[in-house]
Amino acid sequence: MVLFNSDNRHLRGLTLLEVEELQEKATQGRTEPWLCRLSDDQLYYIKGPQATTKGLINEAVCAFLGRAFGLNVPAHQAAYLPAQLLTYNDTARQILGDGNSVVFASRQVKGMIELSPSSQQSLPTQFAKDLFLFDYWIKNEDRTMGQSGGNPNLFLDGHSNSYVVVDHNLAFDPDYNFAQNASLHLGYPFWFNQQHDQLWRDYYSPKLEIALKGLAQYAASLPEEWLAAEPDYLAHISANLALFRTDEFWEALI
């Protein structure tokens, strides 16, 4: 369990931002994130126990990996949620727990527009391929799109005209089945619209290697209470990520 003093919230020598205001529950998201103002006066969506401890670790690790891989994942961090904010908010307490805990916080990006079936074909081809490979790498099936809709977890930032990638709490699924579910991914038609060969492996392997090499240092900053609750989980994640070094990883993508 992470220990905090009464004035500053510390995590391995670093001062955590603190949740100062609970504003509203998000209108989207099965884990029911809450929009909050943190002590840096910025707005974030936070997730706590409703996402499970593994889910919080997944969010943090995949946000780091996604940014290292070159995807536009919102700025993120762990934040301290004090119990007093939840005392008179039964709705928030049912979702976020009793507080005095560390939550995952993802910076709000204003003006985002969720990807729709009609706008899917307008995705930049290389970006869609990058996203498809990234989700395959982290074993994430939670980015779907069909003719009637889906759960893309992908938004267009109207201000920067770039795509924002969110929501990775379901990554590293032990029951992940690429053969069965790959066609549901919004990037599937972009990846398999042409044959792939050794050149694709040569292109992506260095990018994955760079992202993975930075993970150990990043993981050392994860909240101790998350890691104590799931002591073997980082090893499980690392073992899964290292599979890109095998032939079997790439054979499924041909």
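This note's numbering numbers the first residue of the sequence shown as 3 and each following residue consecutively.
By construction, the Cβ of each residue, glycine as well, lies at the ideal position given by its N, Cα and C atoms.
Each residue's CA atom was taken as its position, placing Ala62 and Tyr46 some 14 Å apart.
Note that the C-beta distance between Ala70 and Leu18 is not below 9 Å. Taken atom to atom, the span from the alpha-carbon of Gln149 to that of Pro119 is near 6 Å. Per DSSP, the unbroken alpha helix (DSSP H) holding Lys209 starts and ends at 200–215.
Comparing alpha carbon positions, the residue from Phe157, Ala77, Asn153, Ala244 closest to Gly113 is Phe157. Rounded to the nearest angstrom, the Cβ distance from Leu255 to His187 is 12 Å, too far for a contact under 8 Å. Taking the C-beta atoms as reference points, Leu73 is found nearer than 9 Å to Phe136. By the Cβ criterion, the stretch 223–236 is not in contact with the stretch 157–171, since fewer than three pairs of Cβ atoms, one from each stretch, lie closer than 8 Å.
Annotation for Gln96: no beta strand (DSSP E) segment contains it, though the alpha helix (DSSP H) segment containing it runs 92–98.
Counting of Cβ neighbours within 10 angstroms places Thr89 among the exposed residues, the total staying below 16. Here Leu98 is not near Asn171, since their CB atoms are 9 Å or more apart. When secondary structure is reduced to three states using DSSP, Gly151 falls in the strand class. The beta carbons of Glu22 and Leu40 sit about 6 Å from each other, so the pair counts as a contact at 8 Å. Following the DSSP letters along the chain, one finds Lys27 inside the beta strand (DSSP E) bounded by residues 19–27. Leu245 counts as exposed, since fewer than 16 other C-beta atoms from the protein chains shown sit within 10 angstroms of its C-beta. The Cβ neighbour count for Gly151, taken over all protein chains shown within 10 Å, is under 16; the residue is labelled exposed. Cα atoms of Tyr206 and Asn142: separation of roughly 18 Å, rounded to the nearest angstrom. Your pair Leu83 and Ser108 does not check out as a contact, with CB atoms roughly 14 Å apart and the cut at 8 Å. Lys131 sits in a helix when the DSSP states are folded into three classes. Comparing alpha carbon positions, the residue from Phe174, Thr55, Leu125 closest to Trp139 is Phe174. DSSP places Phe136 in the helix class (H, G or I) of the three-state scheme.
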